[in-house]
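In this note's numbering, the protein residues as written are 3 to 70. Even for Gly, the Cβ is constructed at its ideal location relative to N, Cα and C. Take a look at the structure below.
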Amino acid sequence: FGFLQVLVIFLSLAVSIALPFYFGNEVDKITEVATNREQSITVMKSRLGDVSREISYLQTVVGVRAEK
3 FGFLQVLVIF LSLAVSIALP FYFGNEVDKI TEVATNREQS ITVMKSRLGD
53 VSREISYLQT VVGVRAEK
């Protein structure tokens, strides 16, 4: 009976030591994915800004040519 108690205590200690490492790594992975997505969204926003500026420039050029 004493062996069983020691085994349970050992296993609970092992789990209490191992779980924070596992979940810590998972949180790091999730944070990294979120950071990458945030950066790609920022890049897409700047590209959209560039495209909208080009479109407005082209609209201006076409409008000027249409007036001539």
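- Scanning the segment 23-70 from its first residue to its last, no whole beta strand (DSSP E) run of 3-plus residues comes out.
- Linking T33 to V17 through their CA atoms gives a straight-line distance of about 24 Å.
- The C-alpha of I57 is placed about 26 Å away from the C-alpha of E40.
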